[in-house]
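Novice:
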Amino acid sequence: MFCKNCGKEIDDNAVICPNCGVQIAKFNQDEPKQTCTMAIVGFVLSFLVSIAGLICSIIARKKCREENLGGDGLALAGIIISSVSLAFSVIYVIAACAIGCAALSVY
């Protein structure tokens, strides 16, 4: 195939002429991937019920990778948010127990 702008021979699959830089054909844009619904559910639940959000996000991330679906980043965000939330919950419970024990030992 030849470039319509400069006339030089180019590859038949070329989108842009390597000689003059003019666009030869439209870019092949793949249709957007379908987003995994479980990733959205896991992300939302990570704010409301941490353990449920963590479980759903882990399942969604695995499903996104196996079935080549969109939403992998959303599932990862759900995992991170749920993990941080659970860690803060554990720290809060430990601190509450420590304060409660300290208060009982004073009297």
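Numbering of the sequence shown is given in the numbering used here, commencing with residue 364 and proceeding in unit increments.
In this text, a Cβ means the ideal position worked out from N, Cα and C, and glycines have one as well.
Predicted model only: the values in this text are computed from it and were never measured.
1. So what does residue 433 bridge to, in DSSP terms?
2. What residues match up with residue 406 in a beta bridge as DSSP calls it?
3. Check whether the stretch 402–419 touches the stretch 371–388, taking contact to mean three or more Cβ pairs, one atom from each stretch, closer than 8 Å.
4. Grab me the residues of residue 437's own chain with a C-beta within less than 6 Å of its C-beta, minus the 5 sequence neighbours each way, in chain order.
5. For residue 409 and residue 448, which I take to be in contact (beta-carbon distance under 8 Å), what is that distance rounded to the nearest angstrom?
6. Starting from the Cα of residue 412, find the closest Cα among 444, 369, 377 and 373 and give me that residue.
7. Under 8 Å, do residue 380 and residue 399 count as touching if we go by C-beta distance?
8. If I measure Cβ to Cβ from residue 434 and keep anything under 6 Å in the same chain, skipping five residues before and after, which residues do I get?
9. Can you list, in chain order, the residues of its chain with a C-beta nearer than 6 Å to that of residue 368? Leave out the 5 residues immediately preceding and following it.
Specialist: According to the structure shown:
1. Taking the first residue of the sequence shown as position 1, residue 433 is located at position 70. Its beta-bridge partners are 398.
2. Walking along the sequence shown from the start, residue 406 turns up at place 43. Answer is none; residue 406 lacks a bridge partner.
3. Taking 8 Å as the limit for Cβ pairs, the verdict is that the stretch 371–388 does not touch the stretch 402–419.
4. In the sequence shown, the residue the question calls residue 437 occupies position 74. Residues of the same chain with a CB within less than 6 Å of the CB of residue 437, apart from the 5 flanking positions on each side, are 402 and 406 in chain order.
5. As a working mapping, residue 409 is identified with position 46 in the sequence shown. As a working mapping, residue 448 is identified with position 85 in the sequence shown. Yes, residue 409 and residue 448 are in contact; Cβ-Cβ is about 7 Å, under 8 Å.
6. As a position in the sequence shown, residue 412 is number 49, starting the count at 1. Nearest option by C-alpha distance: 444.
7. What you label residue 380 is simply residue 17 of the sequence shown in a count that begins at 1. What you label residue 399 is simply residue 36 of the sequence shown in a count that begins at 1. For residue 380 and residue 399, no; Cβs fall outside 8 Å.
8. Indexing the sequence shown from 1 puts residue 434 at position 71. Excluding sequence neighbours, residue 434 sits near 398, 399, 402 and 427.
9. As a working mapping, residue 368 is identified with position 5 in the sequence shown. Apart from sequence neighbours up to five positions away, the residues of its chain that approach residue 368 with a beta-carbon distance below 6 Å are 383 and 385, ordered along the chain.
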